[in-house]
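What follows is a set of notes on a single structure, which appears directly below.
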Amino acid sequence: MVVREEKGQAAVELALTLPLLLLILFALVEFGRVFFAYLVITNAAREGARLAAVGGSDVAIVDRVKDAAAGLEQGKLQVEVSPSAPDRVSGTTAVVKVSYPVNLLLPLPPGVLPNPVVLKAQASMRVE
-7 MVVREEKGQA
3 AVELALTLPL
13 LLLILFALVE
23 FGRVFFAYLV
33 ITNAAREGAR
43 LAAVGGSDVA
53 IVDRVKDAAA
63 GLEQGKLQVE
73 VSPSAPDRVS
83 GTTAVVKVSY
93 PVNLLLPLPP
103 GVLPNPVVLK
113 AQASMRVE
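Throughout the sequence shown, residue numbering follows my numbering, covering -7 to 120 in sequence.
Okay, here's the thing in structure tokens:
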């Protein structure tokens, strides 16, 4: 039986598996960023709906949503409140919609995912 030395085997295996492992790692980080932004805008929409339910003005609702989404870029945050303040009467439903585009850092081939990924959240509560 002939025994061969396998000095370069580990280096070759590392060279073959490292790109895949790095891709998985970066994809997990990217997913975490997108999921964090989704959780933040969902909570912000809920905060805005609470204020709308107790009679807050549209400007105050938008400010509350932006305060609740402090970890995100405020310029990209879009808030829609319906119905507007004069039309919100007791017993109706106030709806706050928040959208936020998240730019992906991981370069993907065109058509895999849109870049930026636009996240949307909505919350509704009955006006008191």
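The beta-carbon is built from N, C-alpha and C at its ideal position, and this holds for glycine as well.
Quick check: Gln114 and Val87, are their CB atoms within less than 8 Å of each other? In the sequence shown, counting from the first residue as 1, residue 114 sits at position 122. In the sequence shown, counting from the first residue as 1, residue 87 sits at position 95. Gln114 is a Cβ neighbour of Val87, given a cutoff of 8 Å.
The alpha helix (DSSP H) spanning Gln1 covers which residue range? For the purposes of this step, residue 1 is taken as the residue at position 9 of the sequence shown. It spans 1 to 45 - the alpha helix (DSSP H) in which Gln1 sits, taken as one unbroken run.
Alpha carbon to alpha carbon, what distance is there between Val119 and Gly83? What you label residue 83 is simply residue 91 of the sequence shown in a count that begins at 1. What you label residue 119 is simply residue 127 of the sequence shown in a count that begins at 1. Roughly 5 Å separates the two Cα atoms.
Specify, as a first and last residue, the run of the alpha helix (DSSP H) that Lys58 falls within. What you label residue 58 is simply residue 66 of the sequence shown in a count that begins at 1. That run of the alpha helix (DSSP H) goes 50 to 60.
Have a look at Ile33, Ala44, Ala29 and flag the residue whose alpha-carbon is nearest the alpha-carbon of Ser116. The residue you call residue 116 lines up with position 124 of the sequence shown. It is Ala44 whose Cα lies nearest to the Cα of Ser116.
Can you list, in chain order, the residues of its chain with a C-beta nearer than 8 Å to that of Leu100? Leave out the 5 residues immediately preceding and following it. The residue given as residue 100 occupies position 108 in the sequence shown. Within the same chain, Asn107 come within 8 Å of Leu100 by CB-CB distance, once the 5 residues on both sides are set aside.
Roughly how many whole angstroms lie between the Cα atoms of Phe23 and Val51? For the purposes of this step, residue 23 is identified with residue 31 of the sequence shown, where counting begins at 1. For the purposes of this step, residue 51 is identified with residue 59 of the sequence shown, where counting begins at 1. Going by C-alpha positions, Phe23 is about 32 Å away from Val51.
Could you check the C-alpha separation between Val90 and Leu64 for me, to the nearest Å? By 1-based counting over the sequence shown, the position of residue 90 is 98. By 1-based counting over the sequence shown, the position of residue 64 is 72. Taking the straight line from one Cα to the other gives about 12 Å.
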